Amino acid sequence: MELPQSYHDAVKTAIERMDINSEKRNILVAHQFVTGAGRCDSEDISVGGIDNVDAEVFDAFDYVALGHLHSPQFVKRETIRYCGTPLKYSFSEANQEKAVVVVECKEKGQILLHTVPLTPLHDMRKIRGTYLEVTARSFYEGTNTDDYVQITLTDEEDVPDGLQKLRIIYPNLMQLVYDNARTKQNHMIEMADRIRQKSETEIFAEFYELQNNQPMSQEQLAFVRQLMEENQ
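So the mapping is simple: my numbering equals the position in the sequence shown, first residue as 1, plus 630.
Structure representation (structure tokens):
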């Protein structure tokens, strides 16, 4: 028997060896990253996408309950689904609507889904503006100032003791950052330094993932490496 050549092949082989009765309802629970799913900053990523599998390996299942990703979403079909985490774990998740997915299995091939929203005691939010703007009563009045917040100040000059001053209004302020000419220049320098530390293949792979919302496969990476070597 030929050995699997990739992680995808290994998972596919394992599923093919399962004793699945296609006439019955089949549900799979898996902690797995499926190619094409969207990720956020608070999730670990394996280099090169080596832990990816294509959604087609789950064709035998009526419903696939996936874990690993924090963002609620489905992949390829609505019955291959990440319910997402019950809470927001980083500010990259601030705009997500967390919920519990309720799955109702009817006759074979009929799956009913609905979501129950989860409302935390304290939300996680991003706030942006000048110091005078975000401290104006008209700005925060009527909002839950006890939420966990990230504040981005656009003032060109740093506010002395800004963190402590802002916590008088926003007691659960978790992160204070600046977005101005100085920080943008620093960001450009940092980006240039990071690029210099990466290989051409790594840079190409990052660009590919940015454009396609999915990492390159091992075959694609090998092809790119070969092209890079041939053109050196």
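Backbone N, C-alpha and C define an ideal beta-carbon position, used for all residues, glycine too. Only a predicted model underlies this, so the values are computations on that prediction, with no experimental measurement involved.
### Task
Identify which residue in THR749, GLN740, TYR778, HIS744 has its Cα closest to the Cα of ILE757.
It is TYR778.
### Query
How long is the line joining the alpha carbons of GLU836 and SER829, rounded to whole angstroms?
Cα to Cα, GLU836 sits roughly 11 Å from SER829.
### Task
For VAL677, collect the residues of the same chain with a Cβ closer than 8 Å to its Cβ; drop the 5 residues on either side in sequence, then sort them by chain order.
Reliability fails at VAL677, whose pLDDT of 40 lies under 50, so the model's placement of it is uncertain and the value that follows must be treated cautiously. If the five residues before and after VAL677 are omitted, its C-beta is found closer than 8 Å to no C-beta atom of its own chain.
### Task
Look at the alpha carbon of GLU771 and the alpha carbon of TYR761, and state the distance between them as a whole number of angstroms.
If you draw a straight line from the Cα of GLU771 to the Cα of TYR761, it is about 15 Å long.
### Query
Quick one: is MET754 buried, meaning 16 or more other Cβ sit within 10 Å of its Cβ, or exposed?
Its Cβ being crowded by 16 or more others within 10 Å, MET754 is buried.
### Query
Beta carbon of PHE691, beta carbon of ILE741: below 8 Å?
Going by beta carbons, PHE691 and ILE741 fall outside the 8 Å limit.
### Sufficient close CB pairs (3 or more, under 8 Å) joining the segment 844–862 to the segment 642–652
The answer is no - the segment 642–652 does not touch the segment 844–862, with fewer than three Cβ pairs under 8 Å.
### Query
Is the beta carbon of VAL746 less than 8 Å from the beta carbon of ALA729?
Taking 8 Å as the Cβ cut-off, VAL746 and ALA729 qualify as a contacting pair.
### Nearest candidate by alpha-carbon position, reference PRO750, set ILE799, HIS698, ASP689, ASP776
The shortest Cα separation from PRO750 among ILE799, HIS698, ASP689, ASP776 belongs to ASP776.
### Whole-Å CB distance - HIS661 paired with HIS698, under 8 Å assumed
In this structure HIS661 touches HIS698 by the C-beta definition: roughly 5 Å separates them, less than 8 Å.
### Where PHE853 falls, given that 16 or more other Cβ within 10 Å makes a residue buried
When all chains shown are included, PHE853 counts as exposed.
#### Entry: First and last residue of the uninterrupted alpha helix (DSSP H) at ALA685
No alpha helix (DSSP H) contains ALA685, which DSSP labels as neither H nor E.
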